[in-house]
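Asks: Residue numbers (the working numbering), protein chains in the order written: chain A, 1 to 154; chain B, 155 to 306. Dropping the structure in here first, questions after.
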């Protein structure tokens, strides 16, 4: 009866060591301290829902657009010029402050069924983007409407 | 008497093949699930974080270790002398999956399970994942408690 207790521990230990070795770079990156972002909340987070025509106009004006989906989904296709800020990715948020902090930002995710755009929009609001526009129909509608799509990793 | 012995032997052989078949089935699911995620750790961490259960660093750690654990368990299930331990770890893994999926279903989270990376489509819906995890949990329990001993 001892073996069933020791062997599972060996299996878990082996998998843990292998997993951490395989993903050492990723794990070290995650645990590297990130400089604290300055919170600049003014007023209440009230995102503005926008339609595809508004998104197109904003894109043509070269406004700041944020893709709140995962990096892999972003790489498969995104609105041209969009920045990738997956939910919970503080490094990507820091990059947004460094590169593009402005009054207005437009955020989208996959479509009506996802809430990542809303959550990332709130994070952007907290770090200083005053007005957050949410494109609720998301990338699904943008792509199916035949509008331009850019591919490639962030 | 001889007839009884022969019936018992036939039953034993059937039971043995059933156990082998179930071990291969559970191992195949774990091997597929692990291999789909083992080199997509950031993507898998994002899928874990969508459950909103663990802190971000916890999601990253689990995403780094879970795919290799699934592959190791698959290997153990196929090895004589190790498969019962593999079944025990599988019970623990599927128990945790079931709890996490149930919690996501109760909170009505608009997510997929993230079990097979990004390629599984409908198989990744929370309902389908809950059914699959419950089935695998049942099979793993059966394997762990089965009377088969040290069979290849």
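Built from N, CA and C at the ideal position, the CB exists for glycine as well.
Using a Cβ-Cβ distance cut-off of 7 angstroms, determine whether residue 248 of chain B contacts chain D.
Replies: Protein chains in the displayed structure are A and B, and chain D is not among them.
Asks: Our contact map puts residue 198 of chain B next to residue 191 of chain B with C-beta atoms below 8 angstroms; I'd like the distance itself, whole angstroms only.
Replies: So it is a contact: roughly 5 angstroms between Cβ atoms.
Asks: For residue 104 of chain A, list the residues DSSP reports as bridge partners.
Replies: Residue 104 of chain A is bridged to A/131.
Asks: I'd like to know if the stretch 88 to 106 of chain A and the stretch 116 to 132 of chain A are in contact, where contact means that at least 3 CB-CB pairs between them fall below 8 angstroms.
Replies: At 8 angstroms Cβ cutoff, the stretches touch.
Asks: Mind checking if residue 135 of chain A is an interface residue toward chain B, Cβ cutoff 7 angstroms exclusive?
Replies: Not one chain B Cβ lies under 7 angstroms of residue 135 of chain A.
Asks: Mind listing which residues of the stretch 9 to 32 of chain A have their C-beta closer than 7 angstroms to chain B's C-betas, in chain order?
Replies: So the list reads 11, 12, 14, 15, 16, 18, 19, 20, 22, 23, 26, 27, 30 and 31, given in the order they occur along the chain.
Asks: I need the straight-line Cα distance from residue 11 of chain A to residue 240 of chain B, nearest angstrom please.
Replies: Taking the straight line joining both Cα atoms gives about 8 angstroms.
Asks: Leaving aside the five residues before and after residue 67 of chain A along the sequence, list all residues of the same chain whose C-beta is less than 6 angstroms from its C-beta, in chain order.
Replies: Result list for residue 67 of chain A: 74, 78, 82 and 84, in chain order.
Asks: To the nearest angstrom, report how far apart residue 53 of chain A and residue 137 of chain A are at their CA atoms.
Replies: Looking at the two C-alpha atoms, the distance is approximately 12 angstroms.
Asks: If we ignore side chains and look at the alpha-carbon of each, how far apart do residue 93 of chain A and residue 126 of chain A end up?
Replies: Using only the alpha carbons, I get a separation of about 11 angstroms.
Asks: Can you confirm whether residue 274 of chain B, when its beta carbon is compared against all beta carbons of chain A, has any partner nearer than 7 angstroms?
Replies: For residue 274 of chain B, the predicted structure reports a pLDDT of 49, less than 50, and the residue's modelled location is therefore unreliable. A value from the coordinates is still provided. No, residue 274 of chain B does not count as interfacial toward chain A.
Asks: Could you please give me the residues that DSSP links to residue 65 of chain A through a beta bridge?
Replies: Beta-bridge pairing links residue 65 of chain A to A/106.
Asks: In three-state DSSP terms, what is residue 274 of chain B?
Replies: For residue 274 of chain B, the predicted structure reports a pLDDT of 49, less than 50, and the residue's modelled location is therefore unreliable. A value from the coordinates is still provided. Three-state result, residue 274 of chain B: coil.
Asks: Going by beta-carbon coordinates alone, are residue 200 of chain B and residue 86 of chain A separated by less than 7 angstroms?
Replies: Their beta carbons are under 7 angstroms apart, which means residue 200 of chain B touches residue 86 of chain A by this criterion.
Asks: How would you list, in chain order, the residues of chain A whose beta-carbon sits under 7 angstroms from the beta-carbon of residue 222 of chain B?
Replies: Per Cβ cutoff of 7 angstroms: 15, 18, 19 and 22.
Asks: Tell me, which residues are paired with residue 224 of chain B by DSSP?
Replies: According to DSSP, residue 224 of chain B bridges with nothing at all.
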